[in-house]
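Heads up: the sequence shown is residues 58 to 803, going by the working numbering.
From the three backbone atoms N, C-alpha and C, an ideal C-beta is built for every residue, glycine too.
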Amino acid sequence: MARSGLRPAARARARKTFNLFTIFNTFSYFLLTGNILTLYLLRIEASSSFIGLVAALPYVSFFFMLVGRRMVVRFGVVRLFATGWTLRYLFMVPLVFSSLVLSAGNIALGYTLILVSVLGFQITRGVGLVANSPLMGEISAGRDRGGFLARFQVITAVTSIVAGLSVAGLLSGDPPIGRYSLLMSAGIALGLFGAWLITRLPEPSGVSEGAAEGILGAARNAMAEPNFRRLIASFAVFAALSGAARTFLVVYARQVYVQPDSTTMLYTVIGSTGWVVMGFLARHVIDRLGAKPMLLSYTCVFLLSMIPAILSPAFTGTTLLLHLGLIFFLATMGFTGGEYCAQTYFFALISPKDRLNLGIVFFMTLGLGGSIGSLAGGMILDALATLGIASVTVQFRIFFVLLALIALFCIRLMIPLERLGATSTLSALSAMLSLRDMRTITLLNRLDRTTTISGQQQVIHEIAGSSSQLALSDILPMLKSPSFAVRNEALEALVHLPLDRRVTAAILEEIQHREFTTASIAARLAGVKGISEAKPVLRAALRSADYLLAAKSMVALARLKDGQAIPEIERQLEQTDNPLLLIHAATALKQLGSSGSIPVLIDSLHKPALPHYAADEIILALAALLQIEQWFYPLYSAFLNDPEEAIEQLEDFQNECFRQPAAQRMAAGPVVSQEKSAVAAMIEGDPDALSGAAEALYELQQVTGNTAFAALEELLEDAVIHDNPALRFFVAAAIVKIGCQADAQE
């Protein structure tokens, strides 16, 4: 993503100023154009064609961006923007006096003043609007671009609601036509103050470079890209839908359901709440899900709004309020969301130097599409009336059917758009309908705002519990944190998150370049997640000076069933005296099922000063390789807690298992005395019992063919066994259990 030419502090100040400008500009715009202007035209009984013509003029402004482009190099972006905005409000002064001219009976002059004012307003708006893309692209740069643009939409929508409620209150009852003039005068004053705020914005970078290229060359190069062509084509169709809906939903409420001006304005306020909901939702998710799936989603919302409009049942009272409110809410949410997401996608698609030229192309597309939508909408409704369809309800039903069909065509055009890093549309819809994923997105947004180590640890820990794919794009960058605690928490979170190529690459990077910090955690994670690509780096890590990394790599390789690692693991077992390495090596060989490693494990028990807890792990590994671990483990645990009780349990097992004297002799050697069994005597270190045990081991080797018993016999003969009751208990248990199995096979 391209970086802004502004420093973070300057960008933050520019955003605050721009947001303040947005408030005044939106309030002013609401008082001068849009629905209030449509209501004013309906009040003076203008035809649908004239209303469509006036409604199309705002889109004409986009074509005058070409004039503004020629002036931007000379005047600069900010100065041109401020001048154009000042002139556009001054052009609206004749509109204020049009009501007086119309009241005097001069209809032609009154209509002329309206057209001149609106046309002048839109021409100067177009000249100044050339600054929009460079300025918005500059101050919205960064990872939170989508969030900032969504916040801009929310501010605009909330201001529209406040303005709409104010206008609805002022137009309640049967207001005189002069009240429209007063509201428009207030709009001019607010707009002029907003134009002054523009002068406080910084000059964006890259404009001169874009101006030097030329708009035709930039447009030609951009249109050579299939994805840019698809965006422009689909956005043009969507702009036509938006232009028609913006204009004629108000006319629909007035003419089909005969709603008064104040009530109609209330519906526009309800529509603005849909705008607010769109902004809040988009701000929350667009930087996570991407612009394309959101663009498709909002277009589908617009299509959904056409269903009740097509039905247009004969509602009255509260039911009518709900019906029209739903249509205005969904339609406004759909077309404002679509325009916003298209702009976000556009900024992600182009480079900073193309913002000036391609921004003009983008807004001209909006202008052309919107103009066609508004003009065609009025002409279609007038044509339906001319064709003899007397019912206004039927006329609008046909009109909305056409809009629905065009919306379906628009969706078809949007589907081939490239994702640009976004999730799939189905995944995005699934995420928006999933409480788990929405909670994850909320946590990720919190993580973006968190700047402390403890705060990041806490949020990452909460994110880990979501197991959501959405978390990966934000968790992985946390591995670059200078804090070990944060990196550790991020790696632990990956245990619970889905595995993909990004995760694999990040884990391999950690193992190779984070010795003595988080490499050992990454090695463990490679085993837990079953990352077979990690085998080479894990084998190399076995010789690392970071003994924790070497230890975790052994177990990870065992989890990955890497038999090639056995010789190196055995070497570690032979050469090291580090208890941690001994324990992990024994565990790894056990998990690999390496019965050929039994002699090496037995030799490791001869190490001087071997801690008992390390010996315990080696003994359990031997039990596993002899395939008696599940039976032996609870017995051994009991021995360490209460040796006498464990010996009794082993004797009971021996007595129950062996029925023939020969088997008993093979299993545990001769009975030393009537008071003490061979098992108990051996564990106590009785020489005769130990000799009998050696004979039993030899017989087991002959019967089973398992050479491991020869190694156990050597261990039995070693002097160290006489001082290790736990080891003697293990040998006795192995003789009893395996002897029992051999006897059963006979």
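Residues in the same chain with beta-carbon distance under 8 Å from residue i, minus the five sequence neighbours each way, listed in chain order, please.
i: residue 581; result: 609, 612, 613
i: residue 154; result: 170, 238
i: residue 494; result: 487, 488, 523, 525, 527
Can you tell me which of the three DSSP states residue i falls into?
i: residue 741; result: coil
i: residue 27; result: Since the displayed the chain opens at 58 and closes at 803, residue 27 lies outside it and no answer follows.
i: residue 204; result: helix
i: residue 683; result: coil
i: residue 703; result: helix
i: residue 570; result: helix
i: residue 553; result: coil
i: residue 464; result: helix
i: residue 475; result: coil
i: residue 666; result: coil
i: residue 272; result: helix
i: residue 676; result: helix
i: residue 560; result: helix
i: residue 257; result: coil
i: residue 490; result: coil
i: residue 101; result: coil
i: residue 371; result: coil
i: residue 447; result: coil
i: residue 161; result: coil
i: residue 545; result: helix
i: residue 619; result: coil
i: residue 588; result: coil
i: residue 539; result: coil
i: residue 728; result: In this prediction, residue 728 scores a pLDDT of 38, lower than 50, which makes its location untrustworthy; the coordinate-derived value is nonetheless stated afterwards. Three-state DSSP puts residue 728 in coil, outside helix and strand.
i: residue 694; result: helix
i: residue 502; result: helix
Which stretch, first to last residue, makes up the alpha helix (DSSP H) that contains residue i?
i: residue 422; result: 412–443
i: residue 812; result: Any answer about residue 812 is impossible in this case: the structure gives the chain only from 58 up to 803.
i: residue 84; result: 65–89
i: residue 648; result: 636–649
i: residue 329; result: 318–346
i: residue 388; result: 374–406
i: residue 624; result: 623–632
i: residue 592; result: 592–598
i: residue 609; result: 604–616
i: residue 171; result: 164–186
i: residue 584; result: 576–585
i: residue 532; result: 529–532
i: residue 512; result: 510–521
For residue i, collect the residues of the same chain with a Cβ closer than 6 Å to its Cβ; drop the 5 residues on either side in sequence, then sort them by chain order.
i: residue 431; result: 109, 112, 113, 300, 304
i: residue 526; result: 555
i: residue 407; result: 415
i: residue 786; result: 696, 740
i: residue 220; result: 84, 87
i: residue 636; result: 668, 671
i: residue 366; result: 384, 457
i: residue 708; result: 734, 736
Using a Cβ-Cβ cut-off of 7 Å (strictly less than) and excluding sequence neighbours within five positions of residue i, which residues of its own chain qualify?
i: residue 573; result: 603
i: residue 563; result: 533, 536
i: residue 541; result: 574, 575
i: residue 681; result: 647
i: residue 71; result: 63, 196, 258, 259
i: residue 74; result: 254, 257, 258
i: residue 476; result: 347, 349
i: residue 340; result: 204, 207, 208, 211
- Message: I'd like the ranges of any alpha helix (DSSP H) spanning at least 4 consecutive residues and lying wholly in the region 121–159.
- Response: The DSSP assignment places complete alpha helix (DSSP H) segments of no fewer than 4 residues inside the region 121–159 at 122–132, 134–147, in order along the chain.
- Task: Pick out the complete alpha helix (DSSP H) segments inside the region 195–244, 4 residues or longer, and give them in chain order.
- Result: Along the length of the region 195–244, whole alpha helix (DSSP H) runs at least 4 residues long occupy 202–227, reported in chain order.
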